[in-house]
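Novice: In this note's numbering, the protein residues as written are 2 to 251. Glycine residues also receive a C-beta, built at the ideal position from the N, C-alpha and C atoms. A quick note: this is a predicted structure, and the numbers were derived from the prediction, not measured.
1. For chain B, find out if any of its Cβ atoms is closer than 7 Å to the Cβ of residue 39; answer yes or no.
2. For the 8 Å Cβ check, are there 3 or more pairs between the segment 107-124 and the segment 67-83?
3. Since I believe residue 154 is in contact with residue 147 (beta carbons under 8 Å), could you give me their beta-carbon distance rounded to a whole number of angstroms?
4. Taking all protein chains shown into account, decide if residue 52 is buried (16 or more other Cβ within 10 angstroms of its Cβ) or exposed.
5. What does the alpha-carbon distance come out to for the pair residue 3 and residue 44?
6. Quick one: grab the DSSP three-state call for residue 239.
7. Of the residues 61, 42 and 25, which one's Cα is nearest the Cα of residue 55?
8. Look up residue 135 in the DSSP assignment and give the residues it is bridged to.
9. Anyone know if the C-beta pair for residue 127 and residue 135 falls short of 7 Å?
10. Using a threshold of 6 Å, is the CB atom of residue 98 nearer than that to any non-hydrogen atom of the ligand COA?
11. Rounded to whole angstroms, what's the CA-CA distance from residue 157 to residue 64? Just pull it up for me.
12. Using a 10 Å radius around the Cβ and a threshold of 16 neighbouring Cβ atoms, would you call residue 28 buried or exposed?
13. Please say whether residue 151 and residue 174 have beta carbons closer to each other than 7 Å?
14. Assign residue 18 to one of three DSSP states: helix, strand, or coil.
15. For residue 182, does the three-state DSSP call read helix, strand or coil?
16. By alpha-carbon positions, which one of 133, 130 and 141 ends up nearest to residue 13?
As structure tokens, this is what we get:
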């Protein structure tokens, strides 16, 4: 095995951590159909974890931000590999490009001093909190999806509340002689209250990441944050439909 090249969806941070521990030769690329299809790539020996590589030679990638290294903005690209537009769709073409000819990818991210691109989420998915904090659902979902019995999740905004829609692993639940309600209670007692606290901390801060904050809290001894959790209303759980749960996070 010489190299594993991944793309098409974010690499789960916990999976990537194990890839590193196992010494697998992996890298993550970034692209889209309009870029034929690659925008960024880096060989595995110089790949930076959490990134999707550096822009390919035939393209210039920029972040539409006043501070591209620290402030998230839309990822935009220009180059020989970028399409000229959409067939017989002048309005869609005009909407997809900036005045100076850069393709608007719709993805949000930052770029470090070495040119490594870090995708934070989709502009259409970003949730703006009441205090103006940008919440990227993909970061929170990465934490939620690593909990026991969770197959996948979607984090949404409902009446200014951050809510996780959870799809549970019914086969695993039945195999362990449990039911959805019992699993929901277990999740509530375990990390979802910590996750809710992490999201709340990020909402109250001027910056930061729900993902990194949740990791920090989950690595702390439970006694270190139990007193803070007691002051919160417990995260409630209720059934939406078979196999789905809703967890208000903040």
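Specialist: Quick look at the numbers:
1. Going by chain labels, chain B is absent from the structure shown, which holds only one protein chain.
2. The segment 107-124 is in contact with the segment 67-83.
3. Actually they do not touch by this definition, with Cβ atoms about 10 Å apart.
4. By the neighbour-count definition (other C-beta atoms within 10 Å, threshold 16), residue 52 is a buried residue.
5. 11 Å
6. Only weak support is given to the placement of residue 239: the predicted model assigns it a pLDDT of 28, under 50, and the value that follows is read from those uncertain coordinates. Correct three-state label for residue 239: strand.
7. 42
8. In the DSSP output, where bridge partners are listed per residue, residue 135 has 129.
9. yes
10. You won't find the ligand COA in this model; it holds no ligand whatsoever.
11. Roughly 25 Å separates the two Cα atoms.
12. buried
13. Taking 7 Å as the cut-off, the beta carbon of residue 174 is found no closer than this to the beta carbon of residue 151.
14. helix
15. It is helical.
16. Among 133, 130 and 141, the Cα nearest to that of residue 13 is on 141.
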